[in-house]
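Numbers -21 to -1, 1 to 444, taken from mature numbering (1 follows the signal peptide of the UniProt record, and there is no 0), label the letters of the sequence shown in order. Heads up, the beta-carbon is just placed ideally off N, CA and C, and yes, glycines get one too.
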Amino acid sequence: MALVVLLLLQLLLWLPTTTTAVSSMVKPGCQDKCGNISLLPGQLRVLNFIAYDCYNSSGNDHMFPTFDLDSIPATFSDTGNRLTLLGCDTYGDITGHNGRNFTSGCSMVCEDQQSFINGSCSGIGCCQTSIPKGFKSFELYMDSTDNHTNVMDFNPCSYAFLVDYEWYNFSMSDLIGFKDFYIRNGKTVPMVLDWAIEKHTCEDVSRNDPSYACRNNSECFNSPNGLGYLCKCSPGYQGNPYLDDGRQDVDECADPAKNECNAHSAVCTNTPGSYTCSCPPGMEGDGRKSGSGCTARPKKQSAVKQVAIGVGLGIVMLLAIYWLYGVLKKRHVRRRKEIFFKRNGGLLLQEKILSNETSCEKLKVFTAEELENATDYYNEDRILGRGGQGTVYKAMLADGRIVAVKKVKIVDENRLKQFINEIVILSQINHRNVVKLFGCCLDAEFPLLIYEFTSGGNLAKKIHE
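Below is the structure:
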């Protein structure tokens, strides 16, 4: 058995087929397939004998094969194979070594075939277990507790085999008949082997070494299943990495699915092992789907137009700054007026006006701007007199009336209520010998009182006359 497998493997290792199945990638005179077996990158399929353990009225018939790969650069694939056991009233195991001995297996007991589920190897009629990495030989063994006595009518035989797990699919019919499954499959099932360039790792070999297997535009990687290394094409290439001219540059530009260039606006340029994306004339960007793509480049403007735009933007900015300054200044003036109005007793006066305790309908509240205009901004030439309580200015209101404006010195907060009460009282007095109070202004820095203007002089002068 081992000799047949060895000859088969030696034949297969000379078949440099690839996943791309390109005929030009194989050596002259070599075929890329041998029957149903093809050499995949790092893997190959071989036929493995099925072990059986059968019982009938004549007694027991069994066959437990062995498999040995010690003399060839291959190991049993731990990812591609599963140890599979079929039957009821049976147990089986696989024994092998990968530098250390190991044994793995499973057992099953079932009373009838009603529990079987087609397509499910769940432990009833069929069980599977994985194998460890790197082992190169094994032996299968099976036995039965009751010699299939209670299940003879529907399951006279048990089977065990290491098989490509993608190939085998459990069926209830596999348990029926005497050696039917064994005969129907030609005594064998497919098994996957992992091969490698043995005895060296990528770290041990040099690209300049004549025995180094990886050619130009290819890369070395260590075998995932035991000692040795394999080769693969570098990114952007496809073909056979073990032949001098076995790799071809992949033209990513020929297939939009293989490149990131924007198919509608960008230009894809193939390069050895890669590609580049660029934008056509009149457009800008990186040309990639996941990047900025390509957009129309803005047309260059004349120097005169650029200057005009710059000047226009400058004027707009100046106007905006001027407007903002005006807004801030007005806000500042308004806040100052509010502060002065409150400090000069404006809130108290409002309460008096709004209350029914006194009648202040004739008292007019002037604004600071009105009195600034009326006094020509408190021109020195308008001063009528100065006193301990303030300065009096001659003023002309907007309606043409001549009045006297008294700028009162800052009122002590303790006398603020008294000051407002005096204003209210004076506004209500109407006597020919008393100067009438027209109104007041409390939102200026100093309180302002507006009286009627008398051209006859002061009271002392009148008395002496």
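Could you check if K364 is buried or exposed, using at least 16 other CB atoms within 10 Å of its CB as the buried criterion?
-> The question names Lys, yet the displayed sequence has Gly at residue 364. So G364 counts as exposed.
Whole-number beta carbon distance between F319 and G422, since they are thought to touch under 8 Å | Correcting the residue type first, residue 422 is Asp in the shown sequence and not Gly. So it is a contact: roughly 5 Å between Cβ atoms.
Leaving out the 5 sequence neighbours to the left and right, which residues in its chain are closer than 6 Å to D125 when beta-carbon positions are compared?
-> Closer than 6 Å at Cβ, skipping near neighbours: D68.
Bridge-paired residues (DSSP) for residue 483 | Examination of residue 483 is not possible in this model, given that the chain is present from -21 through 444 alone.
Is L172 closer than 7 Å to A53 when the C-beta atoms are compared?
-> yes
Where does S271 fall in DSSP's three states?
-> coil
How big is the Cα-Cα spacing for S37 and P135?
-> 12 Å
What are the partner residues of H76, as DSSP defines its beta bridges?
-> In DSSP, H76 forms a bridge with N80, S116.
Backbone secondary structure at N15 - three-state DSSP | Note on N15: pLDDT 43, under 50, position unreliable in the model; the coordinate value appears next. In this structure, N15 counts as coil in the three-state DSSP scheme.
List the residues that DSSP assigns as beta-bridge partners of R61.
-> V142
Tell me whether K388 sits in a helix, a strand or coil according to DSSP, three-state version.
-> coil
Out of F28, N35, D40, point me to the one whose CA is closest to D47's CA.
-> Comparing C-alpha distances from D47 to each of F28, N35, D40 shows the shortest one belongs to F28.
Tell me whether P426 is buried or exposed, calling it buried when 16 or more other Cβ atoms sit within 10 Å of its Cβ.
-> buried
The stretch 398 to 405 / the stretch 352 to 359 touching (three or more Cβ pairs under 8 Å) | Output reads no: the stretch 352 to 359 does not touch the stretch 398 to 405.
Would G104 pass as a contact of F95 if the rule is Cβ separation under 7 Å?
-> yes
Which whole-angstrom value describes the C-beta separation of I51 and S83, a residue pair presumed to lie in contact below a C-beta threshold of 8 Å?
-> The pair is not a contact, with the Cβ atoms about 23 Å apart (cut-off 8 Å).
The stretch 71 to 83 touching the stretch 143 to 152, judged by at least three CB pairs closer than 8 Å | no
Determine the extent of the alpha helix (DSSP H) in which E401 is found, giving its start and end residues.
-> 395 to 407
So what's V283 in DSSP terms, helix, strand or just coil?
-> helix
Could you give the DSSP three-state label for E182: helix, strand or coil?
-> coil
Can you tell me whether DSSP reads Y34 as helix, strand or coil?
-> strand
Keeping to the same chain, check which residues put their C-beta closer than 8 Å to that of E359; ignore five residues upstream and five downstream.
-> Contacts found: none.
On the DSSP bridge assignment, give the partners of Y147 in chain order.
-> When beta bridges are read from the DSSP output, Y147 appears opposite no residue.
Following the continuous beta strand (DSSP E) through D47, name the residue where it begins and the one where it ends.
-> 45 to 47
Alpha-carbon spacing of K211 relative to N60, whole angstroms = 23 Å
What is the rounded straight-line gap between the Cα of I162 and the Cα of E177?
-> Per the coordinates, the alpha-carbon of I162 lies some 36 Å from the alpha-carbon of E177.
Ordered along the chain, which non-local residues of its own chain (more than five positions away) have a Cβ less than 8 Å from that of K268?
-> E239, C240, N241
Is it the case that the Cβ atoms of C420 and A374 are separated by a distance below 7 Å?
-> no
7 Å Cβ cutoff met for G113 and N201 = No, Cβ-Cβ distance for G113 and N201 is not below 7 Å.
Relative to the alpha-carbon of L64, which residue among T58, V88, H76, S56 has its alpha-carbon at the smallest distance?
-> V88
Run through DSSP, which three-state label would H410 get?
-> coil
What are the residues that DSSP puts in a beta bridge with D122?
-> Y70
Within the same chain, show all residues whose beta-carbon is closer than 8 Å to that of E145, passing over the 5 residues directly before and after it, in chain order.
-> G59
Determine, using beta carbons only, whether R24 and P251 come nearer to each other than 7 Å.
-> no
C-alpha distance - V246 paired with G264, whole-angstrom precision = 11 Å
Extent of the continuous alpha helix (DSSP H) to which G369 belongs = Not the alpha helix (DSSP H): G369 falls in the beta strand (DSSP E), residues 369 to 375.
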